[in-house]
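Using this note's numbering, read the sequence shown as starting at 128 and increasing by one per residue. Cβ coordinates follow ideal geometry from the N, Cα and C atoms, glycine included. All values derive from a computational prediction rather than experimental measurement. Read through the structure below, which is laid out as structure tokens, and then see the notes.
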Amino acid sequence: MNTSTSVRRIYPVTDFQGVKEKVLNWTSRFSTFCFLDNHQYDNSPHTIECLLAAGVKRKLSCKAGHALQNLTAFAKDHTGWLFGHLGYELKDEIEALHSSHPDRTGFPDLCFFEPETVVHLAGNAITIEGINPDRIFEEISTVEAPARIRQQIPPIKGRLNRAEYIGIIQQLKEHILRGDCYEINFCQEFYAEQAILDPLYTYRELSRISPNPFSALYRLNDSWLLCASPERYLQKKGNRVLSQPIKGTAKRFIADPAIDEANKRSLAESAKDRSENVMVVDLVRNDLARICKEGTVRVDELYGIYSFPQVHQMISTISGELQDQITPEAIIRATFPMGSMTGAPKKRVMELIETYEQNRRGIFSGAVGYIDPNGDMDFNVVIRSILYNAASAYVSFLAGSGITYYSEPEHEWEECLMKAAAMKKVLDSPDRLI
Numbered sequence: 128m129n130t131s132t133s134v135r136r137i138y139p140v141t142d143f144q145g146v147k148e149k150v151l152n153w154t155s156r157f158s159t160f161c162f163l164d165n166h167q168y169d170n171s172p173h174t175i176e177c178l179l180a181a182g183v184k185r186k187l188s189c190k191a192g193h194a195l196q197n198l199t200a201f202a203k204d205h206t207g208w209l210f211g212h213l214g215y216e217l218k219d220e221i222e223a224l225h226s227s228h229p230d231r232t233g234f235p236d237l238c239f240f241e242p243e244t245v246v247h248l249a250g251n252a253i254t255i256e257g258i259n260p261d262r263i264f265e266e267i268s269t270v271e272a273p274a275r276i277r278q279q280i281p282p283i284k285g286r287l288n289r290a291e292y293i294g295i296i297q298q299l300k301e302h303i304l305r306g307d308c309y310e311i312n313f314c315q316e317f318y319a320e321q322a323i324l325d326p327l328y329t330y331r332e333l334s335r336i337s338p339n340p341f342s343a344l345y346r347l348n349d350s351w352l353l354c355a356s357p358e359r360y361l362q363k364k365g366n367r368v369l370s371q372p373i374k375g376t377a378k379r380f381i382a383d384p385a386i387d388e389a390n391k392r393s394l395a396e397s398a399k400d401r402s403e404n405v406m407v408v409d410l411v412r413n414d415l416a417r418i419c420k421e422g423t424v425r426v427d428e429l430y431g432i433y434s435f436p437q438v439h440q441m442i443s444t445i446s447g448e449l450q451d452q453i454t455p456e457a458i459i460r461a462t463f464p465m466g467s468m469t470g471a472p473k474k475r476v477m478e479l480i481e482t483y484e485q486n487r488r489g490i491f492s493g494a495v496g497y498i499d500p501n502g503d504m505d506f507n508v509v510i511r512s513i514l515y516n517a518a519s520a521y522v523s524f525l526a527g528s529g530i531t532y533y534s535e536p537e538h539e540w541e542e543c544l545m546k547a548a549a550m551k552k553v554l555d556s557p558d559r560l561i
């Protein structure tokens, strides 16, 4: 941040969870903020535990076309923090595509802002960067929980019924048989109109049910993202870049450890899930090879099995050493949208996604994160997320799966419902104010 006006101070804390709750309460006074939470996962490489960017010094918000070029100009010769998101529709400028589906959630295709205040909470300390850290620390320490909003959420509907979904999967398998693509990530939307949501309360409920290492609460005026993502899109640290795509999902049975372990083992041994995973690994290797020094791209882990509250996931890690003078724009152009949310070959499957999906993805299957003062960056994949537009009273979430020729449409339908379970449970829960 601008060192002429900004001060950085560290304060001891004894109640990590209690302070985190107060930091969340403090965000309610801002119309723009980004709250990133690792939920104390010991994932590798470790992300920043809990990070908040609040208030706006300056902001870049634009549609696809010249958005990444604008981001380069916005970040040039800047030594502070930038927080924001990359929307899926950036594909339109990266691959000269076009989306005709309506935008119902109001997020721009790209938005980054330089925050007035950055709060970093980890271990037994809270670090505050801002004009007056002492005042901010006092405000956070004494803040009261904001008044609850009485929620009114109509029954959640799907854009597709079971028969329609299965019919589309069968058509996609025909595309695969003809050689149009090898794998395609197909998503469906669940939504409610005339909905009144309390975003802070709902995010806390989502985090309680499904705490994941790349969670985020992100607000741009009337547009809200409540994210419980387990997936990292991309991390840059020094001259190293790393991606951790997820392909392969199995349901948790926490109440029955024997069944849960059997499901985990079945995922590890699944030929279908391994096939999906290795295809996206090859795609990511190819993407990274465009920006990394020759011979440095490697697969650090293949078919890793990781457990989260709702599901087991198959995660691979691919990394490389960046070429000299590579810009954030070049990194994003080479790797975005992430292969785990598209398929292969990337451009062709994005054309098929536009044809067969019923909605504009927007920020979903995009990325939220930051570029730090050193030029390093870390971004999640926006999945397992609730989107809410307070102005239009529209709430939605999307869920999808990777389709290969060996996919069974009924099983893919069930996988989508499994991935959607946490969001649906939060939105279906009765909201009683005491």
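(Q) Am I right that P326 and L353 are in contact with their C-beta atoms under 8 Å? What's the rounded C-beta distance? (A) 6 Å between Cβ atoms; contact.
Q: Tell me D164's beta-bridge partners as DSSP assigns them.
A: C177 and S342, per the DSSP bridge assignment.
Q | Residues that DSSP places opposite Y573 in a beta bridge | A | Not covered by the structure: residue 573. The range shown for the chain is 128 to 561.
Q) Taking C-alpha atoms, which residue in S226, A274, L369 and K147 lies nearest to L449? A) With respect to the C-alpha of L449, the residue from S226, A274, L369 and K147 having the closest C-alpha is L369.
Q) Would M441 pass as a contact of D400 if the rule is Cβ separation under 7 Å? A) A contact, by the Cβ cut-off of 7 Å.
**Q.** Start-to-end residues for the beta strand (DSSP E) that takes in F524
**A.** First-last of the beta strand (DSSP E) with F524: Y521 to I530.
(Q) Any beta carbon from chain B within less than 7 Å of S226's own beta carbon? (A) Given the protein chain composition of this structure (a single chain), no chain B is represented.
**Q.** Opening and closing residue of the alpha helix (DSSP H) in which V476 lies
**A.** Under the DSSP assignment, V476 falls in the alpha helix (DSSP H) whose first and last residues are K473 to Y483.
Q: Mind checking who W351 pairs with in its DSSP beta bridge?
A: Paired residues: R346 and Y515.
(Q) Rounded to the nearest angstrom, what separates I311 and I490 at their Cα positions? (A) Rounded to the nearest angstrom, the two C-alpha atoms are 19 Å apart.
**Q.** C-alpha gap between A494 and N507, whole angstroms
**A.** Cα-Cα distance, rounded: 5 Å.
Q.
Among T531, V522 and K546, whose alpha-carbon lies nearest the alpha-carbon of K284?
A. Of the candidates T531, V522 and K546, the one whose C-alpha sits nearest the C-alpha of K284 is V522.
Q: Check N390 in the structure and name its three-state DSSP category.
A: Helix at N390.
(Q) Using the three-state DSSP reduction, which class does T199 fall into: helix, strand or coil? (A) Helix at T199.
Q.
Can you list, in chain order, the residues of its chain with a C-beta nearer than 6 Å to that of S534? Leave out the 5 residues immediately preceding and following it.
A. For S534, where only same-chain residues beyond five positions count, there are no Cβ hits under 6 Å.
**Q.** Residues that DSSP places opposite N628 in a beta bridge
**A.** As shown, the chain starts at 128 and ends at 561. That puts residue 628 outside it, with no answer to give.
Q | Endpoints, beta strand (DSSP E) assigned at N507 | A | Boundaries of the beta strand (DSSP E) harbouring N507: M504 to N507, taken from the DSSP string.
Q) When the Cα of E241 is compared with those of Y292, I293 and T159, which residue comes out closest? A) Nearest of Y292, I293 and T159 to E241, Cα basis: T159.
Q: Measuring alpha carbon to alpha carbon, tell me which of E396, F313 and D414 ends up nearest W540.
A: Of the listed residues, the one whose Cα sits closest to W540 is F313.
Q: Report back the beta-carbon spacing between V438 and I267 to the nearest angstrom; my notes put them in contact at under 8 Å.
A: About 34 Å separates the beta carbons of V438 and I267, which is beyond the 8 Å limit, so they are not a contact pair.
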